[in-house]
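Shown next, in structure tokens, is the structure this report addresses.
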Amino acid sequence: MERKYNPAEIEERWQKHWEEKRIFNVTEDPNKKKYYLLEMFPYPSGRIHIGHVRNYTIGDVVARYKRMKGFNVLHPMGWDAFGMPAENAAIEQGIHPSVWTHENIDNMRRQLKRMGFSYDWERELATCEPDYYRWEQMFFLWMYEKGLAYKKSSTVNWCPKCETVLANEQVEAGLCWRCGSEVGEQYLSQWFFRITAYVEELLDYCDRLPGWPERVLTMQKNWIGKSYGCELSFPLADGTGDIRVFTTRQDTVFGATFMLIAAEHPLVLDLSRGKDCEGTVREFVEKIKKQDKKMRTSEYYEKEGVFLDAYCLNPGTGRKMPIYAANFVLADYGTGCVMAVPTHDQRDFEFAKKYHLPLIVVIQPHDRALNVQTMTEAYVDEGILVNSGPFEGMDNLKALDAIAAHFESSGRGKKTIQYRLRDWGISRQRYWGAPIPIVVCEACGTVPVPESDLPVILPRDVELTGEGGSPLARHRPFVEATCPRCGKPARRETDTMDTFVESSWYFDRFCSAHHDVKPGLDRKKLDYWMPVDQYIGGIEHAILHLLYSRFYTKMLRDFGVLGVDEPFTNLLTQGMVCKETMRCAQHGYLFPEEVREEKCVHCNCAVTIGKTEKMSKSLKNVVDPDYLIKAYGADTARIFCLFASPPEKDLEWSDQGVDGSFRFLNRTWRIVIDYLEEIRDAAPFEDGDSLEGDIKALRRKTHQTIRKVTSDIEGRFHFNTAISAVMELVNALYQFPRPASDDRLALSVVRETVETVILLLAPIVPHITEELWTLLGRTEALADVEWPSFDPTVASEEMITIVIQINGKVRSRINVPADEDGEQIKALARSDEKIAWQIADKTIIKEVYVPKKLVNIVVRD
RNA sequence: GCGAGAGUGGCGGAACUGGUAGACGCACUGGACUUAGGAUCCAGCCCGCCUGAGCGGAUAGGGGUUCAACUCCCCUCUCUCGCACCA
Numbered sequence: 054m055e056r057k058y059n060p061a062e063i064e065e066r067w068q069k070h071w072e073e074k075r076i077f078n079v080t081e082d083p084n085k086k087k088y089y090l091l092e093m094f095p096y097p098s099g100r101i102h103i104g105h106v107r108n109y110t111i112g113d114v115v116a117r118y119k120r121m122k123g124f125n126v127l128h129p130m131g132w133d134a135f136g137m138p139a140e141n142a143a144i145e146q147g148i149h150p151s152v153w154t155h156e157n158i159d160n161m162r163r164q165l166k167r168m169g170f171s172y173d174w175e176r177e178l179a180t181c182e183p184d185y186y187r188w189e190q191m192f193f194l195w196m197y198e199k200g201l202a203y204k205k206s207s208t209v210n211w212c213p214k215c216e217t218v219l220a221n222e223q224v225e226a227g228l229c230w231r232c233g234s235e236v237g238e239q240y241l242s243q244w245f246f247r248i249t250a251y252v253e254e255l256l257d258y259c260d261r262l263p264g265w266p267e268r269v270l271t272m273q274k275n276w277i278g279k280s281y282g283c284e285l286s287f288p289l290a291d292g293t294g295d296i297r298v299f300t301t302r303q304d305t306v307f308g309a310t311f312m313l314i315a316a317e318h319p320l321v322l323d324l325s326r327g328k329d330c331e332g333t334v335r336e337f338v339e340k341i342k343k344q345d346k347k348m349r350t351s352e353y354y355e356k357e358g359v360f361l362d363a364y365c366l367n368p369g370t371g372r373k374m375p376i377y378a379a380n381f382v383l384a385d386y387g388t389g390c391v392m393a394v395p396t397h398d399q400r401d402f403e404f405a406k407k408y409h410l411p412l413i414v415v416i417q418p419h420d421r422a423l424n425v426q427t428m429t430e431a432y433v434d435e436g437i438l439v440n441s442g443p444f445e446g447m448d449n450l451k452a453l454d455a456i457a458a459h460f461e462s463s464g465r466g467k468k469t470i471q472y473r474l475r476d477w478g479i480s481r482q483r484y485w486g487a488p489i490p491i492v493v494c495e496a497c498g499t500v501p502v503p504e505s506d507l508p509v510i511l512p513r514d515v516e517l518t519g520e521g522g523s524p525l526a527r528h529r530p531f532v533e534a535t536c537p538r539c540g541k542p543a544r545r546e547t548d549t550m551d552t553f554v555e556s557s558w559y560f561d562r563f564c565s566a567h568h569d570v571k572p573g574l575d576r577k578k579l580d581y582w583m584p585v586d587q588y589i590g591g592i593e594h595a596i597l598h599l600l601y602s603r604f605y606t607k608m609l610r611d612f613g614v615l616g617v618d619e620p621f622t623n624l625l626t627q628g629m630v631c632k633e634t635m636r637c638a639q640h641g642y643l644f645p646e647e648v649r650e651e652k653c654v655h656c657n658c659a660v661t662i663g664k665t666e667k668m669s670k671s672l673k674n675v676v677d678p679d680y681l682i683k684a685y686g687a688d689t690a691r692i693f694c695l696f697a698s699p700p701e702k703d704l705e706w707s708d709q710g711v712d713g714s715f716r717f718l719n720r721t722w723r724i725v726i727d728y729l730e731e732i733r734d735a736a737p738f739e740d741g742d743s744l745e746g747d748i749k750a751l752r753r754k755t756h757q758t759i760r761k762v763t764s765d766i767e768g769r770f771h772f773n774t775a776i777s778a779v780m781e782l783v784n785a786l787y788q789f790p791r792p793a794s795d796d797r798l799a800l801s802v803v804r805e806t807v808e809t810v811i812l813l814l815a816p817i818v819p820h821i822t823e824e825l826w827t828l829l830g831r832t833e834a835l836a837d838v839e840w841p842s843f844d845p846t847v848a849s850e851e852m853i854t855i856v857i858q859i860n861g862k863v864r865s866r867i868n869v870p871a872d873e874d875g876e877q878i879k880a881l882a883r884s885d886e887k888i889a890w891q892i893a894d895k896t897i898i899k900e901v902y903v904p905k906k907l908v909n910i911v912v913r914d
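Plus 53 on top of the position in the first sequence (first one is 1) and you've got the numbering used here.
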């Protein structure tokens, strides 16, 4: 039979078949075990890239595998559809964000469908639709009522020329990416979500998520940053109040010789007001505000400060301490004020040296004596307390509690717990986001929009220029509202919500995607599907998205709309697909296809190759999979992405090797077609028939492959080694001597092997396998065929190879029956020809036997 | 800078709990078949020495623990992700 592998024809036919038969549409079925598999939904940037293909292929394999294992699998897909790029497109190309977004969605949906992913498309959602964000607005109102949403003043990046707020991404080296002006800070009153109300639970559950990668949990714990310490009060010398500091090093308080305040802290201007230094202080504060926050606190950054002409008193010693504003203290951690102990903190040490401030040693190391005259750096390790009043002579670490208690009892301090985690700022002065359902009335103040008036719909006719702040704020019909409380004219809130809010609950919405009655989530359906059994997405989201989703889940649980504590039982964080960035002086970042022979195709300028970064539309270092699909088909694109590396590893994109994946599918296709006539009617292999030689070996290999592939997929998602194992099985089939056409026994084993290859590959390359399955005369949908199981007896080896080492170096190998006794193996090792003469004139000191692996003979001359 | 990871042949990777380093594939080389080949099949393929059996070296670099280290510990280098307004 001549039949060539034609991926395009096969794939489109099967995709149509799955869609028409609604194979992947699911409903709650109490008789079946559910499995909710979710990949992080994409931002509709326009076209999918290899990073998406990798992510969604991994998910699809697991979804299809679980389905074959008998689970009722929920596998939905949707769009994280609000966000800045749509607004940028509007500014740059004059296209409406909604039009742009929907065109992108249509295109990406087409691309995903062409990949053959097993989504239940009936649950598709886009977060920019009012039927999605109306519920988010309702949750906002509930949060507002409970004090979980509140307003406070905080800073944003501000471009004075464009008169607009800039995202961090829009600030390049301190300059506005559009106009190049210097970016400053501006205070705005903004909305926050009180994630800190859940900080302890978020932290606690980090130890109750065994299905999460350890490194993600570590990052989250560090991000939350719980530290035990002490809050101390330092009275101002003029008696007008006191300065509170948070410290984890209260053991060093007796060595505190000056006080540092974050430059942007309001106290800085308060203390210097009306004094000679006021002008200098103001200048300093302005200067520091322009410095990059990340750099300011770095070890190598120049420490700078200015004296505020004010003093406070050390609560331990009563000593007068000058107060400075400093660049390396952050306003939003702790109290924004730090007691400086130059002898035991390196930053304080450098600062003290620069401004000639006094040093007092309060911790002496065990092995030497510190001297303030000769110290060249701070001593930060443990030791014995000196110059420390009642704590003299104590071990510094043991004194921590005693010192905290001492100040607590005298009312000058208290033990506290400090977190690094801050509340979540969700206000965005942007158009393309979910409106915050609040009205501001002159008489009544901040008034929530009544639930019955939801959704607050984002108006369509808005002009986007990139200048002049929030576009919504200039849209009069939107801004002009009536106060729901007093009925007088009022102003609508024009901030929109951070897009992380939408992605914090979309997984809930998928469970009842079209539920249009309050609260937008059908508790019964959520109770069936939630939590997500397996969540898959990039490691880039290790902290923010995952932490926000955890927070939101706990909050919705407390609102009673949800019955789970955590959203994602198991998490797989895939590594980034990276590629070098390229840019030209005139045209900025360039797509790979805009570069030819290291020149920009638009202006022929030389192209600068930048560093390798994760693929993203904004850096334009993206590779569209369409060319792979055109040349080889979706199955090849799928298997190649998986074969390239294990999922958790970062991957620098290269299509080298894609031919090999295509060749493998062709080899698989050919061997099945080749055997088709002979095995079509072959009786299934009956256990009990005794096999010998090649036939036995092929059957063993078949069952070993089932074992290997199952554990690679189930245990650790290592599809690359699973694929290798199937490749080996296909190779074995090619090497298997062709049985005579009446050799029923051999042909039935061949049939078993062929079916096994198809079944094991089914989740990975679903189209070619469906086709081959049908050609074999099978009528049931492959997607629902049971995953094969292996017989441990059949899979077990009779003979094993034992390595013989002398002093840890491999010197020989012997083959022994798998159940050979250890002593016997050691004896065989010693008498092995190659070994015997090498140890003949030496003394055996030790023999190490590792069962079924090796014998190591340790000898001495 | 801080936090979290990663580094193995020319390339992607394998070696799962400390026990044969380089499975599987790409690229390359030689051969077979062919009007032709970017098809297919067979063979070779970490480096060095040797005709060969074999010997030595090698998992970013340096040190350590161990009978035994890609794997565990310490230091250094390079790369990636995150750092709260990219998503």
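For each residue, glycine too, the CB sits at the ideal point set by N, CA and C. Since the model is a prediction, treat every value here as computed from it, not as a measurement.
Selection from the options that minimises the alpha carbon distance to residue i
i	options	result
Asn719	Ala638, Phe192, Thr689, Lys407	Thr689
Trp840	Val847, Leu814, Ala378	Leu814
Ile437	Glu633, Val414, Ala457	Val414
Met916	Leu615, Ala659, Phe772, Gly616	As shown, the chain starts at 54 and ends at 914. That puts residue 916 outside it, with no answer to give.
Glu781	Arg769, Thr755, Val803, Gly768	Thr755
Thr518	Cys215, Lys373, Leu165, Trp174	Cys215
Asp133	Ala543, Ser794, Gly227, Glu92	Glu92
Glu850	Ala836, Pro263, Ala871	Ala871
Thr499	Ala458, Thr774, Thr535	Thr535
Leu313	Asp362, Arg769, Tyr432	Asp362
Pro869	Gln877, Met852, Asn367, Phe360	A small fix is needed here, since residue 869 is Val in this sequence, not Pro. Ranking Gln877, Met852, Asn367, Phe360 by Cα distance to Val869 puts Met852 first.
Alpha helix (DSSP H) segment containing residue i, residue limits
i	result
Ile101	It is not in any alpha helix (DSSP H) - Ile101 carries neither H nor E in the DSSP assignment.
Lys607	597-611
Phe696	687-696
Ser151	150-167
Tyr186	183-198
Exposed unless 16 or more other CB atoms sit within 10 angstroms - verdict on residue i
i	result
Asn78	exposed
Gln426	exposed
His594	buried
Lys906	exposed
Glu808	buried
Tyr787	exposed
Gly573	buried
Met54	Only weak support exists for where Met54 lies, its pLDDT of 47 falling under 50; the value from the coordinates is given anyway. Flag for Met54 reads exposed.
Cys390	buried
Arg753	buried
Leu450	exposed
Gln146	exposed
Extent of the continuous beta strand (DSSP E) to which residue i belongs
i	result
Phe770	Premise fails: Phe770 is in no beta strand (DSSP E) and is neither H nor E.
Pro501	498-501
Asp362	358-366
Ser242	237-246
Pro411	Segment: none, Pro411 is in no beta strand (DSSP E) and carries neither H nor E.
Scan the segment 96-130 and note each continuous alpha helix (DSSP H) run of 4 residues or more that stays entirely inside, going in chain order. 103-121
Taking only runs of the beta strand (DSSP E) that begin and end inside the segment 540-588, which ones reach a length of at least 3 residues, in chain order? 542-545
What are the complete beta strand (DSSP E) segments, minimum 3 residues, inside the segment 269-309? 280-288, 295-300
Would you call the segment 484-498 and the segment 186-196 in contact, with 3 or more CB pairs under 8 Å? yes
Would you call the segment 323-343 and the segment 475-482 touching, i.e. three or more CB-CB distances under 8 Å? Too few Cβ pairs lie closer than 8 Å, so no.
Contiguous alpha helix (DSSP H) assignments of at least 4 residues, all confined to the segment 816-890: Listed in chain order, they are 819-828, 845-848, 875-884.
Length at least 3, wholly inside the segment 58-101: the beta strand (DSSP E) runs in chain order: For secondary structure counted as the beta strand (DSSP E) over 3 or more consecutive residues, the segment 58-101 holds these complete runs in sequence order: 87-92.
Using 8 Å as the cut-off, can you tell me whether the segment 255-269 makes contact with the segment 586-604, which would need three or more C-beta pairs spanning the two stretches below that distance? These segments touch.
Touch test, the segment 749-767 against the segment 695-705, Cβ-Cβ under 8 Å, three pairs minimum: no
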